[in-house]
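Notes to accompany the following structure.
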Amino acid sequence: NEFIKLTDRLSFYLKPTEELLKDNKYFTINTILTSYTAFFALGEIGNNDKIGKLNSKRIPNGTILISVANGPSISINASNGHLDMSKEASKNPRASMNFTNLETANQLLNGKVDSYTCIATGQLQIKGFIPMIDNMNKILSQVPAYLS
């Protein structure tokens, strides 16, 4: 019973409606949980999925930092094709992807805006060794198939 209650509560926050997203508290929780879900799923896919493994092997060794201003930070350590995820903000990432606010992260993760628009408007900043992020994004594009 407790597990069912937990999964129901997670579904409530991870399957937003436009009406629910108007509530600031709900919006913040949805964005944080969606960020953790998507980026930690990326690690599982990169380590276990046939296509994900091919792309994780293409990520050069080092750490990718993904951060959301006033939100979560996630570090992805790539080492010889294996991805380790952490909720810690790496102090010396080889590459980074920084969202300027929760709104941008939410819109991008929910497919309401594309990354190129976010980069062009300065809402998403990409720095460092870009091939790491390029190959990471190939794995990230697989996440919706697993979570839908």
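Numbered according to this note's numbering, the sequence shown spans residues 161 to 308.
In this text, a Cβ means the ideal position worked out from N, Cα and C, and glycines have one as well.
It should be emphasised that the depicted structure is a prediction, and the values quoted were computed from it without experimental measurement.
Through-space distance from P253 to I234, alpha-carbon basis: Whole-angstrom Cα-Cα distance: 11 Å.
Measuring alpha carbon to alpha carbon, tell me which of N190, A280, I293 and K182 ends up nearest K175. N190
Between which two residues does the alpha helix (DSSP H) harbouring G203 extend? N184 to N208 is the span of the alpha helix (DSSP H), which, as asked, contains G203.
Tell me where the alpha helix (DSSP H) around K165 begins and ends. Here the alpha helix (DSSP H) through K165 covers E162 to L174.
Can you tell me where the alpha helix (DSSP H) with N297 in it begins and where it stops? I290 to L300
So what does DSSP say about S239, is it helix, strand or coil? In this structure, S239 counts as strand in the three-state DSSP scheme.
Does the separation of the CB atoms of A265 and S171 fall below 7 Å? The answer is no: Cβ separation not under 7 Å.
How would you label P291, buried or exposed, when you count the other beta carbons within 10 angstroms and need 16 or more for buried? exposed
Output needed for Q299: all residues of its chain with C-beta closer than 6 Å, excluding positions within five of it in sequence on either side, in chain order. One detail in the question is off: residue 299 reads as Ile in this sequence, not Gln. Contacts found: L202, I205, G206, G212 and N215.
Using only alpha-carbon positions, find the residue among L180, M296, F187 and T177 that is nearest to E263. F187
For S239, which option in G231, P220 and N230 has the closest C-alpha, if you only look at C-alpha atoms? P220
Neighbour-count burial assignment, A305, 16 or more Cβ in a 10 Å radius: A305 comes out exposed.
Which term fits A229, buried or exposed, when burial requires 16 or more other beta carbons within 10 angstroms of its beta carbon? exposed
When P232, L268 and N295 are compared against L243, the one with the closest alpha-carbon: N295
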